[in-house]
Amino acid sequence: MVKRQKTYVNVNEPRGIQVSPLEALAVKHLSRRQVLKGALGAGIVTFLGGPGRFVSQVLAASPLLGFTSVPVSKDDAVHLPPGYAYDVLFAWGDPISDGPELKADASNSAADQAVQAGMAHDGMHLFPLPKGAPLTDRGLLAINFEYTDDGLLHADGMKTWSAEKVQKSKNAHGIGVIEVRRKGEKWSVVRPSRYARRITADTPMFLSGPAAGHPLVRTALDPTGRMALGTWNNCAHGVTPWGTYLTCEENVTPYFINKSEKIPPLQDRYGVDAKTWGFRWHEFDPRFDAALHPNEPNRHGWVVEIDPYEPTRAPIKRTALGRMAHEGAALAIAPDRRVVYYMGDDDFRTKFEYIYKYVSDIPYIPGGDFDANRHVLDVGKLYAAKFNDNGTGEWIELTYGKNGLTPANGFNSQAEVLINSRGAGDTVKATPCDRPEWFAVHPATQEVYAALSNNSDRGKPGKRGPDAANPRASNIFGHVIRWREANNDPTSTRFEWDVFLLAGDPQHSDPDKRGNVKGGVAFACPDGLVIDPRGVLWIQTDSSAASMGTKDWVNIGNNQMLAADPSTGEVRRFLTGPNGCEITAAFVTSDGRHLFVNIQHPGEGVQPHPARNDPANPTGVSSWPDGGRPRSATIVIRKKDGGLIGT
Ligand code: FEO
Ligand code: CA
Ligand code: CA
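Each residue of the sequence shown is one higher than the last, beginning at 22 in the numbering used here.
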């Protein structure tokens, strides 16, 4: 057995936390730029991310990365380093409680799907049970189901189309909350559970904050502009210090259609056009016809707060955090307990969008619950990032009346600034980035790591060229940048930044595509970023199936999960996924011994997004995990000797 030392961190006392020798060792790992200035405690709260009075934490005395890299793979399987194993916990179609199972031919009804796992597992977080306990053997797993492959979802795919199929597709989107428990080394879903819950594209939820009730979010169905229906394309996520889940609405507008001759500018800036990504919801739900209901798209593209412990509480769309193709919301806590969220706008059509942060005006109340902290995400300031070529940067405030956000430039209120956050970013000349995906805040240093997935349009004629923060033209492989706020305070408006790594294939004939990864590991398109309790930076990749079939990817293979040492830059390949999948989300338990990871959309074909499987041959690309039609799934990884993940 690996020798472990436990430290207990009182999250009610972010300052003055006792630092164990192992924490000190972790800190010693850090580079000269990563000097601690009294923010260690606040940082620990950030990365534990969970609620409660005491949270256990284990730090290893062994080197940060101790496993042997796995080779690239083109197999229809999950591969892990020697000494590691995994179990499938929760796959598309599995019941969330004691409801119906998935049928092999996927002929389940829409009603069945409403009480089963949705498709395309993405962001997730494990909340401890009981609330406030160390997370080692029982919890509530909140998980996003980003989108559907309707070729797999229905027995005959989309050959026929009906209101029932639209309902099933909507019910396979959204969020799930399930109760999970560990017995020995094995985690399983608790069935039945009073916590089990599905939130879908039709679930009623509140709009709150400055944009709630504004005329631009009022519709015929909701003349108050305060109660929206549903959430979809939920990509990455965040958590609050008071134990709630934040789900982030990413590519919401491709579900709408507008066949008008002239698309309104706001719809156009957010990508509503005469075609959808093929979801065909508008054919049976007029809400998705943006010509008929021009304000309906404005009610989506927000960060949504969900209380996993209260299954009857309605979700709340927090408009103060801005409207965009929200990837995730990475939490940092200021010394004065104001909360900060770092957020990316990842639109893979426009590709050149911005990085944002939200800073609450009021501190959160330690030990307080959802109600006690209900205003923290409604009253605050939004900023957009500007990266200067000299390694400095600034956060430009997106507040009505400041920085050109005035009627002369089309902004008449803070609500309008938030509903059109992209337009606000344009106005203040924020830095267009190469598809910002997940961000992760380092627990000890508060440095923020940001995955910039790729941007093949960078440097094309008529498009923006490279800059220091987005240094490669035709950036097909992506990179990771990081920044450090002035005074180590996440509320600062100035920061310093550098490029942490450029992804690529070290064997590529084009030197510009080789990347600079220490360890010579080939990978592409960083998307998921998570820093675990030991300080390992986990990087998960999202190369499209279409890309993977090209010569640029011959040495890269299937999507994968890598472990990086933030202090040295060393990278090792920890996991390779089955055919057509992407790897999303990572959560390490408080004892450091179990790693929850999502295998998203195994079996993705090579058609344009959203890639749809051939219903006549659903296993043509993948039959992971169980030999039948491919299913997105949460897996739980452990070290066979019971040791710490990553060692
Ligand atoms: Fe849903 Fe930007 O990935
Ligand atoms: Ca993503
Ligand atoms: Ca993705």
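Just so it is clear, CB atoms sit at the ideal spot from N, CA and C, and this is done for glycine as well.
What whole-angstrom Cβ distance do residue i and residue j have, given they're in contact under 8 Å?
i	j	result
Gln137	Ile164	The pair is not a contact, with the Cβ atoms about 12 Å apart (cut-off 8 Å).
Lys402	Thr420	6 Å
Ala669	Trp645	Examination of residue 669 is not possible in this model, given that the chain is present from 22 through 668 alone.
Ala429	Trp416	Not quite, the Cβ-Cβ distance comes to about 23 Å (not below 8 Å), so this is no contact.
Val324	His347	6 Å
Asn619	Thr597	The pair is not a contact, with the Cβ atoms about 15 Å apart (cut-off 8 Å).
Trp673	Asp548	Any answer about residue 673 is impossible in this case: the structure gives the chain only from 22 up to 668.
Ile440	His235	7 Å
Identify, in the order they occur along the chain, each residue of the same chain with its Cβ nearer than 7 Å to the Cβ of residue i, setting aside the five sequence neighbours on each side.
i	result
Lys49	No answer about Lys49 holds up, because its pLDDT of 38 lies below 50 and its placement is not dependable.
Ala335	Pro225, Met226 and Phe227
Asp294	Asn279 and Ile284
Thr221	Ala135, Lys191, Asn192, His194, Gly195 and Gly251
Asp171	Gly178, Met179, Ser190 and Arg633
Asp306	Val187
Thr448	Gly425, Leu426 and Asn430
Val520	Pro492, His500 and Ile502
Need the endpoints of the alpha helix (DSSP H) that residue i sits in, please.
i	result
Asn192	Ala184 to Asn192
Asp171	Asp171 to Leu174
Met140	Premise fails: Met140 is in no alpha helix (DSSP H) and is neither H nor E.
Gly444	Ser442 to Val449
Leu670	Limits of the chain in this structure are 22 at one end and 668 at the other, which puts residue 670 out of reach.
Could you check if residue i is buried or exposed, using at least 16 other CB atoms within 10 Å of its CB as the buried criterion?
i	result
Lys661	exposed
Arg339	buried
Gln621	buried
Ala524	buried
Val360	buried
Arg659	buried
Ala351	buried
Pro155	buried
Thr245	exposed
Ala10	Beyond the ends of the chain as shown, which are 22 and 668, falls residue 10; an answer cannot be given.
Arg515	exposed
Leu522	buried
Gln528	exposed
Ala393	exposed
Asn272	buried
Asn11	Lying before the first or after the last residue shown, residue 11 is absent from the chain, which here runs from 22 to 668.
Asn13	No answer is possible for residue 13: the residues shown for the chain start at 22 and end at 668.
Leu242	exposed
Please indicate yes or no: does the CB of residue i lie closer than 8 Å to some heavy atom of ligand 2?
i	result
Asp367	yes
Glu458	yes
Gly549	yes
Asp455	no
Asp563	yes
If I follow the unbroken beta strand (DSSP E) through residue i, where does it start and stop?
i	result
Gly160	Arg159 to Phe166
Ala106	Tyr105 to Ala112
Gln621	His615 to Gln621
Pro554	Taken as a continuous stretch (DSSP letters only), Pro554 belongs to no beta strand (DSSP E), as it is neither H nor E.
Met179	Met179 -> no beta strand (DSSP E), and no H or E assigned at all.
Gly299	From DSSP, Gly299 is part of no beta strand (DSSP E); its letter is neither H nor E.
Val210	Lys207 to Val210
Asp519	Arg515 to Leu523
Gln581	Gln581 to Ala585
Confirm the yes/no value for this check: CB of residue i, any heavy atom of ligand 3, distance under 8 Å.
i	result
Thr605	yes
Cys269	no
Cys256	yes
Asp223	no
Asp143	yes
Any chance the CB of residue i is under 8 Å from a heavy atom of ligand 1?
i	result
Cys546	no
Asp478	no
Ala346	yes
Asp685	Only positions 22 to 668 of the chain appear in this structure, which leaves residue 685 out of reach.
Glu712	Nothing can be reported for residue 712, as the shown portion of the chain is limited to 22 through 668.
Ser474	yes
Glu517	no
Excluding the 5 residues preceding and the 5 following residue i in the sequence, name in chain order all residues of the same chain whose CB lies nearer than 8 Å to its CB.
i	result
Glu317	Thr240, Phe277, Arg308, Phe309 and Ala311
Pro121	Asn129, Asp133, Val136 and Gln137
Ser568	Ile497, Ala545, Cys546 and Trp574
Thr67	The predicted position of Thr67 is uncertain, since its pLDDT is 32 and thus under 50; no value can be drawn from it.
Asp390	Trp263 and Gly264
Please list, in chain order, all residues of the same chain as residue i whose beta carbon is under 6 Å from its beta carbon, the five residues on each side excluded.
i	result
Thr157	Thr610, Ser611 and Asp612
Phe88	Pro102
Asp223	Lys191, Leu250 and Gly251
Gly648	none
Val551	Ala461, Trp559 and Ala607
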